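Here's the structure we're looking at; comments come further down.
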Amino acid sequence: MTHEALAANPASEILAGNRGVVADISGDKQAFHVPWGKAMMWIFLLSDTFIFSCFLLGYMTVRISTTVPWPNPSEVFALSFGGEPIPLILIAIMTFVLITSSGTMALAVNFGYRRNKKATVLLMLATALLGATFVSMQAFEWTKLIMDEGVRPWGNPMGAAQFGAAFFMITGFHGMHVSAGVIYLSVVAWRVGTGFYDRKKGGNYETVEIAGLYWHFVDLVWVFIFAFFYLW
Amino acid sequence: MAHAEGHQEHPLSIYFWIWGLLFMLSGFSYAVDYFHLEGMLRWSLILTFMFLKAGFIVAVFMHMAWERLALIYAILVPPLCLTVFISLMAVEGDYTFLTRLVAFGPAAEIIAPHH
């Protein structure tokens, strides 16, 4: 192309160049033989894995390097129902709520592929409801820790000052993921229910599976938080 | 791994099985804390239950077991870099801990009395 023509239409030149970059990188063919939305969700979850790993690594490093005793999570998160305090009971209930929500989500995906619209919507709403329950319990836990135990990001009466920072950062970021998931699932459930995917995607419910991937990931992260932060 | 063209219809029973297993493994993890198991036994049990749970969630609930190998590698291999990162930070954390003991611990006065 001559210099004048380039100057006359630089936008299309850049566009053609970018297309070439994409074609070169992709070898002009599909790398993963799955729907693109699913491949992208997996890659997003991979990046999220690194974010959560960095938080847990930061927590590991401050916990190894502190000379002050770490507060015992088993006692900090104990809850009493009238009698003796039961260690970690709220966290155990939260864990079971999240696993149950993962189960209902797996079933929702399965019913989605069977084109059972009603079961899919109901199971997705049940999942969202369990997720909301989890976040509410976490809000209760945070309130108790801040108001009653005096835990702050910069210190606490029980031991190592880094406890609060690690706790609020890790569980806060996870809780944010759960909250976003509740909204995400509600939107997808709404679209399944109102026939959006029947009209726009020819009855393809793969979006349900993609939303399911995100939700199971949130459960997966909790497995690691439960082991490293609460049980360690 | 033969089929992975979007349609994944498995019998419902497999989900109920995994669901039950996850409940059971979570119960075991909680029991480790409840019965105050300590030392190597505690850590090995916690880590075993953790990796089993994570494996079941990824393989069955997230359908990874039925995906194509290219996708499995693309997602599961990069996190292996983290093992290097973890070892580096563990060494660094130990070093910081020892430095703090020397600088601020009971021995600090003997080593450097002016501080």
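Note that the protein sequences, when read in sequence, are chains L and U. Note that my numbering numbers the first sequence so that position 208 is 208, with each residue one more than the last. Every position in the second sequence, counted from 1, becomes a number in my numbering once 1000 is added. Just so you know, even glycine gets a beta-carbon here, dropped at the ideal spot from N, CA and C. None of the values given here were measured: they were computed from a predicted structure.
Taking C-beta atoms as the reference points, G112(L) and V192(L) count as a pair closer than 9 Å. For the region 175 to 188 of chain L, no residue has a beta-carbon sitting nearer than 7 Å to a beta-carbon of chain U.
In this structure F1051(U) is not in contact with F96(L), their Cβ atoms being roughly 19 Å apart against a cut-off of 8 Å.
Here the alpha carbon of A119(L) sits roughly 14 Å from the alpha carbon of L185(L).
Look at P10(L) here: in three-state DSSP terms it is helix. Distance from the CA atom of A161(L) to the CA atom of R152(L), rounded to whole angstroms, is 8 Å. The continuous stretches of alpha helix (DSSP H) do not include M147(L), and DSSP gives it neither H nor E. In the displayed model, G155(L) falls within a strand according to three-state DSSP. Listed as beta-bridge partners of I91(L) by DSSP are no residues whatsoever.
Annotated as proximal: G1093(U) and V62(L), with beta-carbon spacing under 9 Å. Setting aside the 5 residues that flank it on each side, F1061(U) is surrounded in the same chain by I1018, each with a C-beta closer than 7 Å to its C-beta; the list follows chain order. For K201(L), there is no enclosing alpha helix (DSSP H), since its DSSP letter is neither H nor E.
Chain order gives the chain L residues near G1105(U) as T67, where near means a beta carbon separation below 9 Å. Put simply, the backbone Cα of L1088(U) is about 12 Å away from that of G58(L). According to the DSSP assignment, T1099(U) belongs to the alpha helix (DSSP H) that extends over 1081 to 1104. Here DSSP, grouped into helix, strand and coil, assigns L231(L) to helix. Going by DSSP, T171(L) is part of the alpha helix (DSSP H) stretching over 162 to 193. If you look at A1074(U), you'll find it in the alpha helix (DSSP H) that goes 1069 to 1076.
Remark: C-beta atoms of S1026(U) and F229(L) do not approach each other more closely than 9 Å. Neighbours of Y1030(U) in chain L, taken as residues at a C-beta separation under 8 Å, are given in chain order as L88, A92, T95. For A126(L), the CB contacts under 7 Å within the same chain, skipping 5 residues up- and downstream, are T104 in chain order.
When C-beta distances to chain U are compared with 7 Å, the residues of the region 42 to 54 of chain L below that value are W42, L46, T49, S53, in chain order. Around P87(L), the same chain offers S74, A78 as residues with beta carbons nearer than 6 Å, after the five sequence neighbours per side are excluded.
Taking the C-beta atoms as reference points, H174(L) is found no nearer than 9 Å to V109(L). A direct Cα-Cα distance of roughly 56 Å separates G83(L) from F32(L). When DSSP reads this structure, L79(L) sits in a beta bridge with I86(L).
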